[in-house]
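Here is the structure we will look at.
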Amino acid sequence: MIPERISFKSKVVSRSHAELWVEECKMYIRDIGSSSGTFLNRVRLSSPGNSSRPHEIKDGDLVQLGVDYQSGDEPMYRAVRIRVEINRPSQPTYHRAAFQQLRQHWTVDHTTGNNIQECCICLYAIAPFQALFIAPCSHVFHFKCLRPIVLQNYPAFSCPLCRGYSDLEASVAVEVSDVMEALGLEDKPMLSSPTSPPSQPPPSIIQEEEEPEEQAETPAIGERAQAINMQVRPSGRVDGFLSTTLVGSPTFEEILSASSGSA
Numbered sequence: 214m215i216p217e218r219i220s221f222k223s224k225v226v227s228r229s230h231a232e233l234w235v236e237e238c239k240m241y242i243r244d245i246g247s248s249s250g251t252f253l254n255r256v257r258l259s260s261p262g263n264s265s266r267p268h269e270i271k272d273g274d275l276v277q278l279g280v281d282y283q284s285g286d287e288p289m290y291r292a293v294r295i296r297v298e299i300n301r302p303s304q305p306t307y308h309r310a311a312f313q314q315l316r317q318h319w320t321v322d323h324t325t326g327n328n329i330q331e332c333c334i335c336l337y338a339i340a341p342f343q344a345l346f347i348a349p350c351s352h353v354f355h356f357k358c359l360r361p362i363v364l365q366n367y368p369a370f371s372c373p374l375c376r377g378y379s380d381l382e383a384s385v386a387v388e389v390s391d392v393m394e395a396l397g398l399e400d401k402p403m404l405s406s407p408t409s410p411p412s413q414p415p416p417s418i419i420q421e422e423e424e425p426e427e428q429a430e431t432p433a434i435g436e437r438a439q440a441i442n443m444q445v446r447p448s449g450r451v452d453g454f455l456s457t458t459l460v461g462s463p464t465f466e467e468i469l470s471a472s473s474g475s476a
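Straight run, no breaks: the sequence shown in the numbering used here ends on number 476.
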């Protein structure tokens, strides 16, 4: 059996409450006559004041010592709940890489029961649409469970898991650029670069540039028309001159008289 004694600062745990030991690579627990009871996976092991037989504890089992008194409003009157982990692989602490991979965690399809986080106070699951409290040390609790601890020494806060101290009134004035610099992120360049070819001007500008060409073509058309008129006018004078010099055509009798006279 384990020679050391484990003490809890709780009014609902008896002085000699339960025994916990390891035998043949297996862990066992039994109640030794406590008044408030010992629970394994929410099942009481024995009646008040009576000892129970040994029960094997497996990985993931929930051990509870005592029951909440007066709704457990004060930590002194809360039951002690223990989630047992046996031969589990060590999990790395929360760090920047985990923060950068949060989006990937939301799309994981092979989520199992072991990957669901639990509140260390009530040992119920952390589920969506719950009021949560995320401590500066990145541990997550149900706000309902942690509220008495938060208000007890506010603004000082001591994490129930890591005992890390934090000031809840500390300044949160942090710029976005500072956060990106701390995470090693950089602003992505804009899609359009200065060397890219300029966009085509609107149609109205194109029409304005084409107007001088139309104006330049108009005088050319007028010059050609004037040249044609100049060419027509001399031909008209020649026709008039020819019309004044030509005589009428002779008749048949005049031709006969001319021919007889010449004979």
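For each residue, glycine too, the CB sits at the ideal point set by N, CA and C. All values derive from a computational prediction rather than experimental measurement.
N-terminal and C-terminal residue of the beta strand (DSSP E) that residue i is part of
i: residue 277; result: 275-278
i: residue 346; result: 345-347
i: residue 355; result: 353-355
Counterpart residues of residue i in DSSP-defined beta bridges
i: residue 369; result: 380
i: residue 295; result: 276
i: residue 240; result: 235 and 270
i: residue 331; result: 338
i: residue 264; result: 245
i: residue 252; result: 257 and 277
CB contact flag (residue i, residue j, <8 Å)
i: residue 334; j: residue 373; result: yes
i: residue 231; j: residue 247; result: yes
i: residue 262; j: residue 226; result: no
i: residue 296; j: residue 277; result: no
i: residue 354; j: residue 375; result: no
i: residue 258; j: residue 274; result: no
i: residue 298; j: residue 272; result: yes
Euclidean distance between Cα positions of residue i and residue j
i: residue 256; j: residue 223; result: 21 Å
i: residue 398; j: residue 388; result: 14 Å
i: residue 218; j: residue 283; result: 27 Å
i: residue 361; j: residue 269; result: 34 Å
i: residue 343; j: residue 240; result: 34 Å
i: residue 451; j: residue 470; result: Confidence in residue 451 is poor, its pLDDT being 46 and thus under 50, which makes the residue's placement unreliable; the coordinate value appears in the next sentence. About 34 Å.
i: residue 281; j: residue 393; result: 45 Å
i: residue 253; j: residue 221; result: 18 Å
i: residue 420; j: residue 390; result: Any reading at residue 420 is ruled out, since the residue's pLDDT is 46, under 50, leaving its predicted position unreliable.
i: residue 384; j: residue 340; result: 29 Å
i: residue 338; j: residue 251; result: 22 Å
i: residue 379; j: residue 359; result: 15 Å
i: residue 381; j: residue 351; result: 14 Å
Limits of the alpha helix (DSSP H) - the one that residue i falls within
i: residue 392; result: 389-395
Beta carbon proximity, residue i to chain C, threshold 8 Å
i: residue 383; result: Considering every chain present, this structure includes no chain C. It has just one protein chain.
TODO: Pair every Cβ in the stretch 281-289 with every Cβ in the stretch 340-356, then say whether three or more of these pairs are closer than 8 Å.
DONE: No, the stretch 281-289 is not in contact with the stretch 340-356.
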